[in-house]
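Visitor: Quick one: structure below, then a few questions.
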Amino acid sequence: MSENVLHLENVTMQFGGVVAVNDVSMDVNEGEIVALIGPNGAGKTTVFNVITGVYAPTNGRVSLRGRVIAEDHPRGKMRKMYAAGHLGEYPRSVNNTPDRITRLNMARTFQNIRLFKSMTVFDNVLVAKHMHLKANFFSTALHLNAREERRMREETMELLRIVGLENECDEIATSLPYGQQRRLEIARALSTNPSMLLLDEPAAGMNPQETEDLSAFIREIKDRFGLTVLLIEHDMNLVMDISDRIYVLNFGALIAEGTPAEIQSNPDVITAYLGVAEE
Amino acid sequence: MTNGKPAVRVKKLDRATLLTIIVIALVYVLAFVLEQVMPSTSMLFTVLKKGATYALVAVSMNLLNGFTGLFSLGQAGFMLIGAYTYAIFTIPVAQRLSVYQYYDGGLIQFSLPVLVAVALAGVFAALFAFLIGLPVLRLKSDYLAIATLGFAEIIRAIFQWDKIGLLTNGSNLLRLFPTFNDFNIRNAQGEVVLHLSTLVPFLITGVCVAFIVLLINSSFGRAFKAIRDDETAAEAMGINLARHKMLAFCTSSFFAGVGGAMLAMYANSVQAKSFTTAMTYEILLMVVIGGIGSITGSVMSSFLFVACSEWWLRFLDQEQVWNGWKVPLLRNGFRLVVFSVIIMAVVLFFRKGIMGTQELPDLFRKRRKLNGKEGGRS
Amino acid sequence: MFSTVLPYLLSGISVGGQYALIAIGYTMVYGILRLINFAHGDVFMVAGILMVYITSSGVPLYVAIPLVLVTTAAVGFAIERVAYKPLRTAPRMSIMISAIGVSYTLQNLVLYITGGLNQFYPSIPFISETVTIGGASTRMVTIVTPILTLILVVLLVLLINHTKIGMAMRAVSKDFETSRLMGVKINSVISVTFVIGSFLAAVGSVLYFTNYTTVIQTSGNMPGLKAFVAAVFGGIGSVPGAVVGAFIIGICENLLKGLDTILIKAKITTGMLGFTTFSDAFTFALLIIILIVKPTGLFGEKQTEKV
Chain A
355 MSENVLHLEN VTMQFGGVVA VNDVSMDVNE GEIVALIGPN GAGKTTVFNV
405 ITGVYAPTNG RVSLRGRVIA EDHPRGKMRK MYAAGHLGEY PRSVNNTPDR
455 ITRLNMARTF QNIRLFKSMT VFDNVLVAKH MHLKANFFST ALHLNAREER
505 RMREETMELL RIVGLENECD EIATSLPYGQ QRRLEIARAL STNPSMLLLD
555 EPAAGMNPQE TEDLSAFIRE IKDRFGLTVL LIEHDMNLVM DISDRIYVLN
605 FGALIAEGTP AEIQSNPDVI TAYLGVAEE
Chain B
198 MTNGKPAVRV KKLDRATLLT IIVIALVYVL AFVLEQVMPS TSMLFTVLKK
248 GATYALVAVS MNLLNGFTGL FSLGQAGFML IGAYTYAIFT IPVAQRLSVY
298 QYYDGGLIQF SLPVLVAVAL AGVFAALFAF LIGLPVLRLK SDYLAIATLG
348 FAEIIRAIFQ WDKIGLLTNG SNLLRLFPTF NDFNIRNAQG EVVLHLSTLV
398 PFLITGVCVA FIVLLINSSF GRAFKAIRDD ETAAEAMGIN LARHKMLAFC
448 TSSFFAGVGG AMLAMYANSV QAKSFTTAMT YEILLMVVIG GIGSITGSVM
498 SSFLFVACSE WWLRFLDQEQ VWNGWKVPLL RNGFRLVVFS VIIMAVVLFF
548 RKGIMGTQEL PDLFRKRRKL NGKEGGRS
Chain C
1485 MFSTVLPYLL SGISVGGQYA LIAIGYTMVY GILRLINFAH GDVFMVAGIL
1535 MVYITSSGVP LYVAIPLVLV TTAAVGFAIE RVAYKPLRTA PRMSIMISAI
1585 GVSYTLQNLV LYITGGLNQF YPSIPFISET VTIGGASTRM VTIVTPILTL
1635 ILVVLLVLLI NHTKIGMAMR AVSKDFETSR LMGVKINSVI SVTFVIGSFL
1685 AAVGSVLYFT NYTTVIQTSG NMPGLKAFVA AVFGGIGSVP GAVVGAFIIG
1735 ICENLLKGLD TILIKAKITT GMLGFTTFSD AFTFALLIII LIVKPTGLFG
1785 EKQTEKV
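Chains as they are written, first to last, in my numbering: chain A, 355 to 633; chain B, 198 to 575; chain C, 1485 to 1791.
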């Protein structure tokens, strides 16, 4: 049994009265590629945002390699409601900002590409190395850490070569074609040296050929960097092709879990995707 | 850019950068020589001194607004702190009684060397920025703008409060501290043998701007730009937003404080009343005219702005008669109207300003565009 | 004790009403364009200057006042068309800078026209008269302001809630893009918003300058900023919020102005502590506290950013 990397325990995320994620528990183990699928609005991206610290979960717990990174954080009205059930004060809560979670070697991409739009391809990747910077503010500003800067630049170039963007390195990031922008986002995430990578709809907007390349690409970087991958995806060819396991989310709740073959034959999943004919 | 083998992409001193350094050095030499040969009463030197002061403040504002994407309007407040710090610590002990005439000579009875006081001006401004930044930097765009503006107003009010007059001289002027003219070297008879009153502000601004340029091109500078482009993504890339915003805010305020000290030296006196919101607006407009996100632009537009308002457009404020024909409209205040119209035109139609996001070396890289543009960069 | 506080309270209510009339312009524009209209305080000042020049050219007051209100509304309309409309798709910072540019332009224009001298505001019969309430003598304008403010606010709320253009305004402030797609004429809604805002600012200026008697190019700065703070305090985007916020700020500010006198009369302190210096700073301190504690203000709606 391989080691558990990411563990979600009864995660619930409420916005006012809307329950976006309801009591979701899931596990991702070392070296796996796990997919999270579900119809639009099922709460997939919200799960990502909870894992990466953008939202603090109303209830439940997220741990990364056994370390709790987010736990119970009801706010406003929710807080009062939850407090009532817990004899007044709500118990302790852990709330990490996204940057701290990234430092724990978990990086992500975004569904709607969020590149640094005025920066070059090279700088987009380079800036993700900033968090590993050892030199202090003054020696960095005065360029006294030339060796470190040189190393960062070399690593960046190496990474761009791996993802096949070395010839575009001086282009402005947003001038790239769509498929390459997606690739650049992945490169930028890799630049933070993650061991766990979260991909939010990496194939969105790609044609079948690009999607096929992407699935080879994901496998390649997974092996090369020893990654564990959790991805959200609508493209079932991609999901079935590369996933070891799949979780299915519908209306914020998990409805199925299993290998691609199991999921494909699961009646609940088919109902969720196709709906039930009114009788 | 060069398209050679980009195996190691450490920026070397390329030709353009070298040219830039030469041009800047020439400007300094020119400033030095002109000062020795021209009468010191020339308007040119007023413009150069004030221009250098505003250039520093504009660049410091650009660091925040243009490079980090924090729309702060507190510049005048930090300049005020800088100006007061400088003035309070440099008034000669012998003069304190006459300056603090209502406060028995004030609390502080020592003086610091000028450059130490200038640095201290920056440190105090940065310290205040840190305290203000703790609550304020969490706010987004326009709320941040209005909150920093509010803080500047509060600072202005506090410095005029007569209960702390022992330190600030209440709402009275602080004066008799060393000014730019005191940098001139005089002989025993009190005649100036070496004029340095323009070169020194140029040097102060030069060193500070050089630091900011280096900062922007460092890893921290890239992190600032990442925050400007997309906060959420920057945070997801491990950049601590609170810490980096604070760094940018304090650095910017440090230099605004130094700029305030320089303004005190330029103006020969300091009064809290004059550090108004309008001052911040003017600096903002300089940044906009120069191009938000261009250091070169900020420097050039500061000199242009000061030159126009103090010198070149002065004639608009006086009645002019050409061949017996009295030019209409010209009277006191017309210069500012013309100014406003130019500014609105820039804001509405030339949103990139003079330089866009380009810097001086970029101009040299595109040789076509190089046609003897005024090298007013210090 | 009460008789010491009363005059400050009264002028607080009066100033509060005047701030309210300005604050509505801020809050409505912000609600629709998400823009802090830095020039709004200057529109208020321009209304004052217009009054000075129109009356000094011999126009009787009963013509001059409506003329000022209409002209100011036209100024507001023109500013929006010239300085904000071309930047509709530009980043928010550009529009804000444009607003600052307009503020700068209006002030310089007025400086040029007036020569930078204080202009004496005409005294308007009836509201300039002195009255005595509870032993405190004050001007009629002090009593007229809150009443007039409330009437105008009620009319405005009725307009927003019960007319077609009001419905369009509410739609645009809820969701700019969707309302555009649904066929709401965005530009006319925005124009109407500016016209209403400027009109109310002009009414406010008549009341305000009757009290303060002189106008200069910078007269709009402080009332403008305070009205803005009032709008934020009440929850920006909310008209009733702005009004409540304005009254609170007006009253607090005037009580602070009188705090030295009040404390001395109440024999709590013996000397002047100079709190008057802080009557302006207080407003900003309040602003910062609100922004930190409850950025949405008293009546504001919460907004969450989508990632």
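Even glycine gets a Cβ: it sits at the ideal position worked out from N, Cα and C.
Check this for me: beta carbons of Leu519 (chain A) and Leu551 (chain A), under 8 Å apart or not?
Guide: No, the pair does not count as a contact, with Cβ atoms beyond the cut-off.
Visitor: Would Gln357 (chain B) and Ala469 (chain B) be called neighbours here (beta carbons separated by less than 8 Å)?
Guide: Yes.
Visitor: Within 10 angstroms of the Cβ of Asp554 (chain A), are there 16 or more other Cβ atoms? Answer buried if so, exposed if not.
Guide: The residue is buried, with at least 16 neighbouring Cβ atoms inside 10 Å.
Visitor: Tell me, please, which residues DSSP counts as bridged to Asp554 (chain A).
Guide: In the DSSP output, where bridge partners are listed per residue, Asp554 (chain A) has A:Ile586.
Visitor: Do you know whose CA, among B:Asp211, B:Phe348, B:Gly274, lies nearest Ala1765 (chain C)'s CA?
Guide: The option with the nearest alpha carbon to Ala1765 (chain C) is B:Phe348.
Visitor: Just the Cα atoms here: how many angstroms apart are Phe472 (chain B) and Phe500 (chain B)?
Guide: Roughly 20 Å separates the two Cα atoms.
Visitor: Could you name the residues that DSSP lists as bridge partners for Thr366 (chain A)?
Guide: BP columns for Thr366 (chain A) point to A:Asn413.
Visitor: With a cut-off of 8 Å, does the C-beta of Glu516 (chain B) fall near any C-beta of chain C?
Guide: No, Glu516 (chain B) lies away from the interface with chain C (no Cβ there is under 8 Å from its Cβ).
Visitor: Can you list, in chain order, the residues of its chain whose CB lies under 6 Å from that of Tyr1492 (chain C), leaving out five sequence neighbours each side?
Guide: For Tyr1492 (chain C), where only same-chain residues beyond five positions count, the Cβ hits under 6 Å are Asn1738, Leu1739, Gly1742.
Visitor: Please determine whether the Cβ atom of Ile1516 (chain C) lies at a distance below 7 Å from any heavy atom of the ligand MN.
Guide: The model depicted lacks the ligand MN and carries no ligand whatsoever.
Visitor: Once DSSP output is grouped into helix, strand and coil, what is the label at Asn604 (chain A)?
Guide: DSSP places Asn604 (chain A) in strand when its eight states are reduced to three.
Visitor: Does the beta carbon of Ser1663 (chain C) sit closer than 8 Å to a beta carbon anywhere in chain B?
Guide: No, Ser1663 (chain C) does not count as interfacial toward chain B.
Visitor: Could you give the distance in angstroms between the alpha-carbon of Phe451 (chain B) and the alpha-carbon of Ala255 (chain B)?
Guide: Roughly 13 Å between the two C-alpha positions.
Visitor: Count the other C-beta atoms from every protein chain shown that fall within 10 angstroms of the C-beta of Gly573 (chain B), then say buried if there are 16 or more, exposed otherwise.
Guide: The predicted model places Gly573 (chain B) with a pLDDT of 42, which falls under 50 and marks its position as unreliable; any figure quoted below should be read in that light. Per the 10 Å Cβ criterion, buried.
Visitor: My output table needs one value for Lys1669 (chain C): the three-state DSSP class, helix, strand or coil.
Guide: Looking at Lys1669 (chain C) - three-state DSSP - the assignment turns out to be coil, as it is neither helix nor strand.
Visitor: What number of angstroms, rounded off, separates the C-alpha of Ser356 (chain A) from the C-alpha of Leu514 (chain A)?
Guide: Near 31 Å, if we compare the C-alpha coordinates of Leu514 (chain A) and Ser356 (chain A).
Visitor: Per DSSP, which residues does Ile526 (chain A) bridge with? Please list them.
Guide: Per DSSP, A:Thr474.
Visitor: Would a C-beta distance cut-off of 8 Å place Thr1698 (chain C) and Phe1604 (chain C) closer than the cut-off?
Guide: Cβ distance < 8 Å, so Thr1698 (chain C) and Phe1604 (chain C) count as in contact.
Visitor: Please classify Leu270 (chain B): does DSSP put it in a helix, a strand, or coil?
Guide: Coil, per DSSP.
Visitor: Using a Cβ-Cβ cut-off of less than 7 Å, give me the residues of the stretch 403–419 of chain B that come near chain A, in sequence order.
Guide: So the close ones are Phe408, Leu411, Leu412, Ser415, Ser416, Phe417, Arg419.
Visitor: Taking the beta carbon of Arg599 (chain B) as the centre, do at least 16 other beta carbons fall within 10 Å, making it buried, or is it exposed?
Guide: For chain B, the structure presents residues 198 to 575; residue 599 (chain B) sits outside this window and is missing.
Visitor: Counting only Cβ pairs nearer than 9 Å, list the residues of chain B close to Ser472 (chain A).
Guide: What Ser472 (chain A) touches in chain B: Lys422, Arg425, Asp426, Gly490, Thr554.
Visitor: Taking its Cβ as the centre, do 16 or more other Cβ atoms sit within 10 Å of Met240 (chain B), making it buried, or is it exposed?
Guide: Classification of Met240 (chain B): exposed, given that the 10 Å Cβ count is below 16.
Visitor: Helix, strand or coil: which one does DSSP assign to Ser1607 (chain C)?
Guide: Of the three classes helix, strand and coil, the one that applies to Ser1607 (chain C) here is coil, per DSSP.
Visitor: For Gly201 (chain B), count the other beta carbons within 10 Å of its own beta carbon; 16 or more makes it buried, fewer makes it exposed. Which is it?
Guide: For Gly201 (chain B), the pLDDT reaches just 40, beneath the cut-off of 50, and the residue's location in the model is therefore unreliable, although a value from the coordinates is still provided. With fewer than 16 Cβ atoms within 10 Å of its Cβ, Gly201 (chain B) is classed as exposed.
Visitor: Please classify Thr265 (chain B): is it buried, with 16 or more other beta-carbons within 10 angstroms of its beta-carbon, or exposed?
Guide: Result: buried.
Visitor: Just checking: is the beta-carbon of Asn262 (chain B) within a distance shorter than 8 Å of some beta-carbon in chain A?
Guide: Not one chain A Cβ lies under 8 Å of Asn262 (chain B).
Visitor: According to DSSP, what are the bridge partners of Lys523 (chain B)?
Guide: Answer by DSSP bridge pairing, in chain order: B:Val518.
Visitor: For Arg1664 (chain C), list the residues DSSP reports as bridge partners.
Guide: DSSP, once it has assigned bridges, lists no residue as partnering Arg1664 (chain C).
Visitor: Give me the residue from B:Val220, B:Lys247, B:Ser449 with the minimum Cα distance to Asn262 (chain B).
Guide: The candidate whose alpha carbon is nearest that of Asn262 (chain B) is B:Ser449.
Visitor: Using a Cβ-Cβ cut-off of less than 8 Å, list which residues of the stretch 528–543 of chain B approach chain C; keep chain order.
Guide: So the list reads Arg528, Asn529, Gly530, Phe531, Leu533, Val534, Phe536, Ser537, Val538, Ile540, Met541, given in the order they occur along the chain.
Visitor: Based on the DSSP secondary-structure assignment, which residues constitute the bridge partners of Ile1772 (chain C)?
Guide: None, per the DSSP bridge assignment.
Visitor: My output table needs one value for Asp427 (chain B): the three-state DSSP class, helix, strand or coil.
Guide: Correct three-state label for Asp427 (chain B): coil.
Visitor: Distance, Cα to Cα, Phe275 (chain B) vs Ala322 (chain B)?
Guide: Distance between the alpha carbons of Phe275 (chain B) and Ala322 (chain B) is about 5 Å.
Visitor: Taking its Cβ as the centre, do 16 or more other Cβ atoms sit within 10 Å of Ile1520 (chain C), making it buried, or is it exposed?
Guide: Ile1520 (chain C) comes out buried.
Visitor: Using a C-beta cutoff of 8 Å, does Glu347 (chain B) count as contacting chain C?
Guide: Before going further, note that residue 347 (chain B) is Gly rather than Glu in the sequence given. Yes, because at least one Cβ of chain C sits closer than 8 Å to the Cβ of Gly347 (chain B).
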